[in-house]
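Shown next, in structure tokens, is the structure this report addresses.
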Amino acid sequence: MVHLNVRKSLATALCILQYGTWAQTWQRLTDFPGFHRDDGVSFIIDNTAFCGTGLTPWFAPLADFEAFDLSTESWSSIAPIPAGNERQYASAFSLNGKGYVFGGIGNKPFNDLWQYDPQTDIWQQMKHLPDSGRSGSTSFVLNGYAYICGGRSSSSIALAEIWVYDPLSNDWSQKTNLTFGARWRACSATINNTAYLLFGQDENHHFHNELYSYEPSSDTWSIAGYFPGPGRTHAAMQAINGHLVVFGGRDSLNNYDDTLWSFNPTDGSWKALNNSPFHGRKGGMTFTNGTDFYYTTGIDSSNTRLQESWKCSSPVIGIEKFTTPSFKLYSNPAT
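Here the sequence shown is numbered in our numbering, starting from -7 and rising by one per residue.
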């Protein structure tokens, strides 16, 4: 019976390894070196995250940027967007080794697009969106194109429009509107050529908890699931290890969230991860190195704008690629 029990224990252990482990540790990093702020943007080029714009505690929009080295986890300053273009509620993405900042609101609603070249540390203005300015849009990149979804117009009406930017032609085209209605301050990310959009507020100021997936070849959206909690705005979402990782935000009751969740698109399941060790917050800048989840600045429920930077290590990393070897169980003695 000893051999049988050993083999049963081995089988159990291998099954546990097969399904993976979920261990997350939050760690505070060096504070963001710029002003306290919320509603800034971030994009990643190679091994560096670029974070900037937003709103100060004295309600001044910003144009400055800081660079975060993902290897050394240290900050350094880069050139700001040229003066007169300070903003909050912009949207950002990276394409072909360049960073881009679109729209937002400052002294007016913006419909402009700025390109950042890390080799020259220079911002260059690209072709404007051929429509009105907007703020609070969400953006994602698929197949070499940037998609700008939703936002609010200059008259504060939530939008359902989708615009696509082609960096090679420096031109814009419009896609079919969001079929489920307008969204302001939603969050989005891409996994395996599929884009996902979560949360947001519609034109009637309703908060949503639906998760939608987008298929670019057919230009169609489909329901992918429902977040297991109330709808939010100002949340953060990153694609990590084939999962969506979701943090923070504000709900319709003005609760600021401190929970961390993951969504597995393979089976449509949600999993609660380790809550943050700090109070709930919204409007921070977020990025990932593909393994860890980073969150910097934002505003908490006391309306305090922040400089804090945090990392949640390996929120969805398990031993998922372990292949169980074949084995047989025999009674003792074997026959």
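Glycine included, C-beta positions come from ideal geometry on N, C-alpha and C.
Predicted model, so just to flag it, every value in this text is computed and none were measured.
DSSP, read as helix, strand or coil, puts Y248 in strand. Look at the beta carbons and you see the region 44 to 64 touching the region 286 to 303: at least three pairs across the two are nearer than 8 Å. The shortest CA-to-CA distance from R177 to any of V237, S306, S148 and N77 is the one to S148. The DSSP-derived three-state label of S68 is strand.
Taking 9 Å as the cut-off, the Cβ atoms of L54 and I36 do not count as close. Counting along the chain, the unbroken beta strand (DSSP E) around T278 starts and ends at M277 to T280.
Bounds of the beta strand (DSSP E) holding D56 are P53 to D61. Put simply, the region 183 to 194 touches the region 120 to 139. At least three CB pairs are less than 8 Å apart.
Remark: C-beta atoms of G290 and I232 do not approach each other more closely than 9 Å.
Here V237 is near T280, since their CB atoms are less than 9 Å apart. D163 is positioned such that its CB atom lies no closer than 9 Å to that of R175. Out of I70, S161 and G98, the CA that lies nearest to the CA of G76 is found in G98.
In this structure, P208 lies away from S244, with their beta-carbon atoms at least 9 Å apart. Excluding sequence positions up to five before and after A59, its CB lies within less than 6 Å of the CB of T40, F42, S68 and I70, all in the same chain and listed in chain order. Here N103 is not bridged, per DSSP, to any residue. Residue state for G44 is assigned as strand, using DSSP reduced to three classes.
For E195, the secondary structure class from DSSP, reduced to helix, strand or coil, is coil.
Distance from the CA atom of S210 to the CA atom of V156, rounded to whole angstroms, is 14 Å. The beta carbon of T258 sits closer than 8 Å to the beta carbons of G234 from its chain, once the five residues preceding and following it are set aside; these are given in chain order. Residues F132, Y188, M229, Q230, A231 and L236 of the same chain have their beta carbon placed closer than 7 Å to that of A181, with the five preceding and five following residues left out of the count. Annotation for G275: D30, D31, H226, G290 and I291 place their beta carbon closer than 7 Å to its own, counting only its chain and skipping 5 residues before and after. From the listed residues A84, D250 and E202, the smallest Cα separation to L265 is found for D250.
About 5 Å separates the beta carbon of P159 from that of L87, a gap short enough to meet the 8 Å contact definition. Excluding the 5 residues flanking it on each side, G96 has same chain C-beta neighbours closer than 7 Å at T45, R79, Q80, Y81, A82, F102 and S127, in chain order. For the region 105 to 176, the continuous beta strand (DSSP E) assignments of 3+ residues that do not extend past its boundaries occur at 105 to 109, 114 to 117, 130 to 134, 137 to 141, 154 to 158 and 163 to 167, in sequence order.
In terms of Cα proximity to I309, the closest of T288, R273, F270 and K263 is K263. With respect to the 9 Å criterion, Q111 and M118 are not classified as neighbours on the basis of their beta carbons. Residue burial annotation: H28 is buried, with at least 16 other C-beta atoms found within 10 angstroms of its C-beta.
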